[in-house]
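Beneath this line is the structure, given in C-alpha coordinates, with notes to follow.
In the UniProt record's numbering, the protein residues as written are 1 to 66.
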(Lines of atoms letter the chains of each structure in order from A and count residues from 1; the text may use other names and numbers.)
(Lines give C-alpha, C1' and ligand atoms only; values in the text may rest on other atoms or scores of the structure.)
Protein backbone atom coordinates (compact mmCIF):
# COMPACT_ATOMS: atom_id res chain seq x y z
CA UNK A 1 0.00 0.00 0.00
CA UNK A 2 2.67 2.53 0.98
CA UNK A 3 4.80 1.50 -1.99
CA UNK A 4 1.96 2.28 -4.39
CA UNK A 5 1.33 5.67 -2.78
CA UNK A 6 5.02 6.54 -2.94
CA UNK A 7 5.66 5.36 -6.49
CA UNK A 8 2.44 6.56 -8.12
CA UNK A 9 1.77 9.73 -6.11
CA UNK A 10 5.34 10.47 -4.88
CA UNK A 11 3.99 10.74 -1.35
CA UNK A 12 7.44 10.75 0.29
CA UNK A 13 8.48 13.76 -1.80
CA UNK A 14 5.47 15.82 -0.73
CA UNK A 15 6.38 19.29 0.51
CA UNK A 16 3.18 19.90 2.43
CA UNK A 17 4.23 21.13 5.87
CA UNK A 18 0.88 21.87 7.46
CA UNK A 19 -0.15 18.70 9.36
CA UNK A 20 -3.86 19.04 8.59
CA UNK A 21 -3.22 19.63 4.89
CA UNK A 22 -0.91 16.62 4.81
CA UNK A 23 -3.64 14.46 6.34
CA UNK A 24 -6.17 15.70 3.79
CA UNK A 25 -3.85 14.96 0.87
CA UNK A 26 -3.04 11.50 2.26
CA UNK A 27 -6.76 10.73 2.48
CA UNK A 28 -7.34 12.06 -1.04
CA UNK A 29 -4.50 9.89 -2.42
CA UNK A 30 -5.95 6.79 -0.77
CA UNK A 31 -9.43 7.51 -2.15
CA UNK A 32 -8.01 7.95 -5.66
CA UNK A 33 -5.92 4.80 -5.33
CA UNK A 34 -8.98 2.78 -4.28
CA UNK A 35 -11.10 4.15 -7.13
CA UNK A 36 -8.41 3.30 -9.67
CA UNK A 37 -7.86 -0.18 -8.23
CA UNK A 38 -11.58 -0.94 -8.45
CA UNK A 39 -11.58 -0.16 -12.18
CA UNK A 40 -11.20 -3.57 -13.81
CA UNK A 41 -12.15 -2.80 -17.42
CA UNK A 42 -8.48 -2.48 -18.41
CA UNK A 43 -5.33 -4.23 -17.27
CA UNK A 44 -3.30 -1.02 -17.17
CA UNK A 45 -1.16 -0.13 -14.19
CA UNK A 46 -2.43 2.20 -11.49
CA UNK A 47 0.01 4.86 -12.62
CA UNK A 48 -1.08 4.70 -16.26
CA UNK A 49 -4.74 4.85 -15.24
CA UNK A 50 -4.02 7.99 -13.20
CA UNK A 51 -2.18 9.60 -16.11
CA UNK A 52 -4.98 8.68 -18.50
CA UNK A 53 -7.56 10.15 -16.13
CA UNK A 54 -5.69 13.47 -16.30
CA UNK A 55 -6.24 13.94 -20.02
CA UNK A 56 -9.22 11.72 -20.92
CA UNK A 57 -12.52 13.19 -19.69
CA UNK A 58 -14.52 10.08 -20.57
CA UNK A 59 -12.13 7.79 -18.70
CA UNK A 60 -12.13 10.09 -15.66
CA UNK A 61 -15.93 10.05 -15.70
CA UNK A 62 -15.86 6.24 -15.89
CA UNK A 63 -13.56 6.10 -12.85
CA UNK A 64 -15.70 8.51 -10.85
CA UNK A 65 -19.17 7.27 -11.71
CA UNK A 66 -18.62 3.66 -12.75
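Every residue gets a Cβ at the ideal spot worked out from N, C-alpha and C, and that includes glycine.
Local Cβ density within 10 Å of residue 8, reported as buried at 16 or more and exposed below that:
In the chain shown, counting from the first residue as 1, residue 8 sits at position 8. Counting C-beta atoms within 10 angstroms of its own C-beta, residue 8 has 16 or more neighbours from the protein chains shown and is therefore classed as buried.
Would you mind sorting residue 53 into buried or exposed? The rule is 16 or more other CB atoms within 10 Å of its CB.
Along the chain shown, one-based indexing puts residue 53 at 53. Around the beta carbon of residue 53, a 10 Å sphere encloses 16 or more other beta carbons of the protein chains shown; the residue is thus reported as buried.
Would you tell me roughly how many angstroms separate the C-alpha atoms of residue 16 and residue 24, rounded to the nearest one?
As a first step, residue 16 must be located in the chain shown, where it is residue number 16. As a first step, residue 24 must be located in the chain shown, where it is residue number 24. Each residue's Cα considered, the two are about 10 Å apart.
Please report the straight-line C-alpha distance between residue 27 and residue 66, rounded to a whole angstrom.
Numbered from its first residue, the chain shown carries residue 27 at position 27. Numbered from its first residue, the chain shown carries residue 66 at position 66. When only Cα atoms are considered, residue 27 and residue 66 end up about 21 Å apart.
Check the Cβ-Cβ distances between residue 42 and every residue of chain D, and say whether any is below 8 Å.
Absent here is chain D; the protein component of the structure consists of one chain.
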